[in-house]
Amino acid sequence: MLETAQAALGFAYPIGLGLAAFGAALGIGRAVGSAMEAMGRQPEAIPKIQLAMIIGSAFIEALAIYALISVFLVKPAGLF
Amino acid sequence: MADSTTTTAADHGLDQSHENSAAAHGEGHDAHAGDYHGPELGRYLVHPPEPPHILQMLYKFEQKALIRDYVSKHPGQEAPSVLENWLVKDEQGEWKAVEGQAPTFFQTLHAGRLTKEVPLVGYAPWENHVFMGLSIAFLIGSMYVLTGSLRRDRLTAMKRPTRTQTVAELIIGGLDDFCKGVLGEKNGRFYLPYIGTMFLLILVSNLMGMVPLMKPPTSSLLVTFSLALCTFFVVQATAWVRLGPLTYMHHLMGSPKDLIGWALSPLFLLLELISDFVAKPLSLALRLFGNILGKDILFGVFLSLGILLVAAVSEPASHFVGIPLTIPFYALGLLLSTIQALVFSLLSCIYILMVLPHDHDHEHGDHHDDHGHGHGHHKAVVSEPVPH
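Residue numbers (our numbering), protein chains in the order written: chain A, 1 to 80; chain B, 1001 to 1388.
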């Protein structure tokens, strides 16, 4: 029973982590892409756009990091 | 390392032996390893060994020490339910850890709390103390050197700046610009010591992970949570002092102005309380912790992969020589360490900015009705007037 549960975790965690990373990648890609466009349009505003972009990316990235941390905390079989 | 019992390996076959290895009680130490008479690589494919991973070795060591402490302090007691699938009693009534079963974070924390007999402080590995002390010592030492150059040069005025002075001015000036850019001229200067200290401390701590045989203290949740707690207290102190209790309450209720705003204020109060008191410190701490621990584990995995590759092709198997596969990740690690230090201090700045009284609202009139609950300050960052 425990082995089955751990095997299930062993499959579920990479998939869940992948999904989280996928979502975060979409979000960050969109944010950075838009920021790049904005920078191209207004090069004089680059520092401010960059600042806002980094803040936004940090917030988006935090979501993927939460998924990663849940893996650290629960530790499925054979990971460490 | 113990792989699995004879029965489980035989029953489930090779493809499942990996999942079983962690859960099984290991009495049969590498039961099949002696039977195989092929090339080394084949043996490693059939029975993948666990390489001597330094983190893992330290972890096992800590685990054994924890059990010893626990048993000596609690003779003849049952294991608490949190620990029950990690600590078991064998036939002789001796406590022991389930072989191959690493305790989860909470179990480690719990065991540490039980053995050390201190509530809430929990279990802090020694490396955090040592390496945090080292990074603080490094910072104090370098600041002593750098500011020493400043003082000497001020005394002998009008001299060409020395190299150390240039470095010091570069660091302090950069941090000053950073704070002023977010918080404004006066507040930026006021919060520069805090933000700058946080940035440098986190940067140095993160970069410790780049040095072989060192552990970044920020890869521990306790350390990052303490740092986040510092920011939390600074933000709260700012709010209470600069806004005053009543305005702060008003701010927490989403700065209601009309009837609808007041009607919705309990909702906003709840939202802001959770956001300010739980979500912000926790996300600050978890972001730094996750990134740095993730980087650490990445390094660990590629280090052990390099060792495993050499072990797979060498005869006899070597466990101490490896291909340095981690080298490409040093660039990534440097980038990540810097960005995380930057993000931490930037978010500290933003959180402080959110509770600062915003003066230019009076000039601009009240065109900020549309962003309801006090997050209009976000806009202040971006929409500061650009000098043309």
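Each residue gets a CB set at the ideal place from its N, CA and C atoms; glycine is no exception. Only a predicted model underlies this, so the values are computations on that prediction, with no experimental measurement involved.
Do the region 1289-1304 of chain B and the region 1326-1335 of chain B touch if we need at least three Cβ pairs shorter than 8 Å? yes
Kindly indicate the opening and closing residues of the alpha helix (DSSP H) around B:His1250. Pro1245 to Leu1252
For the region 1276-1287 of chain B against the region 1336-1349 of chain B, are there 3 or more C-beta pairs whose distance is under 8 Å? yes
Measuring straight from C-alpha to C-alpha, what distance separates B:Ala1228 and B:Lys1257? Each residue's Cα considered, the two are about 32 Å apart.
Indicate whether B:Val1321 and B:Val1310 have their beta-carbon atoms separated by less than 8 Å. yes
Start and end of the alpha helix (DSSP H) containing B:Thr1197? Glu1185 to Leu1207
Measuring only the C-alpha atoms, how far is B:Pro1357 from B:Ala1168? Whole-angstrom Cα-Cα distance: 32 Å.
Assigned secondary structure, B:Leu1213 (DSSP; H/G/I helix, E/B strand, else coil): coil
Anything in chain A within Cβ reach of B:Leu1346, meaning under 8 Å, just list it in chain order. What B:Leu1346 touches in chain A: Leu51, Ile54, Ile55 and Ala58.
Kindly indicate which three-state DSSP category B:His1018 falls into: helix, strand or coil? Interpretation of B:His1018 is limited by its pLDDT of 39, a score under 50 that renders its predicted location unreliable; no figure is taken from the coordinates.
Roughly how many angstroms separate the alpha carbons of B:Gly1148 and B:Lys1215, rounded to a whole number? 30 Å
Unbroken alpha helix (DSSP H) run spanning B:Phe1320, endpoints: Taken as a continuous stretch (DSSP letters only), B:Phe1320 belongs to no alpha helix (DSSP H), as it is neither H nor E.
Out of curiosity, what's the CA-to-CA distance linking B:Ser1348 and B:Leu1192? In a straight line, the C-alpha of B:Ser1348 is about 11 Å away from that of B:Leu1192.
Proximal residues of chain B, C-beta to C-beta of A:Pro83 below 8 Å: Missing from the structure shown is residue 83 of chain A; chain A here goes from 1 to 80 and no further.
Applying the criterion that 16 or more other CB atoms from any shown protein chain within 10 Å of the CB defines a buried residue, is B:Gly1034 buried or exposed? At B:Gly1034, the pLDDT of 47 sits below 50, so the modelled position is not reliable; the number obtained from the coordinates is stated separately. Its Cβ having fewer than 16 others within 10 Å, B:Gly1034 is exposed.
Interface partners of B:Phe1289 on chain D, CB under 8 Å: Looking for chain D here will not work: the only protein chains present are A and B.
How about B:Ser1283: is its C-beta nearer than 8 Å to some C-beta of chain A? Taking Cβ atoms only, chain A reaches closer than 8 Å to B:Ser1283, which makes this a yes.
So is B:Leu1342 in contact with chain A if we call contact Cβ pairs under 8 Å? Yes, its Cβ sits closer than 8 Å to a Cβ of chain A.
Does the beta carbon of A:Pro14 sit closer than 8 Å to a beta carbon anywhere in chain B? Not one chain B Cβ lies under 8 Å of A:Pro14.
How about the region 28-36 of chain A and the region 1239-1257 of chain B: do they share at least three Cβ pairs that are nearer than 8 Å? Contact fails: fewer than three Cβ-Cβ distances are below 8 Å.
Whose Cβ in chain A lies nearer than 8 Å to the Cβ of B:Gly1294? Ile65 and Leu68
Expressed to the nearest angstrom, what Euclidean distance is found between the alpha-carbon atoms of B:Leu1200 and B:Leu1139? For B:Leu1200 and B:Leu1139, the gap between their C-alpha atoms comes out near 8 Å.
Figure out for me which residue from B:Glu1315, B:Asn1128, B:Lys1180 and B:Leu1303 has the closest Cα to the Cα of B:Met1208. B:Asn1128
Looking at the structure shown, is A:Thr4 part of a helix, part of a strand, or coil, going by DSSP? Reduced to three states, the DSSP call for A:Thr4 is helix.
Start and end of the alpha helix (DSSP H) containing B:Lys1257? No alpha helix (DSSP H) holds B:Lys1257; DSSP gives it neither H nor E.
Rounded Cβ spacing between B:Glu1183 and B:Thr1164 (contact assumed at less than 8 Å): Before going further, note that residue 1183 of chain B is Leu rather than Glu in the sequence given. Contact flag wrong, Cβ pair sits at about 28 Å.
Among B:Phe1190, B:Pro1328, B:Gly1133 and B:Phe1299, which residue has its Cα nearest to the Cα of B:Thr1238? B:Phe1190
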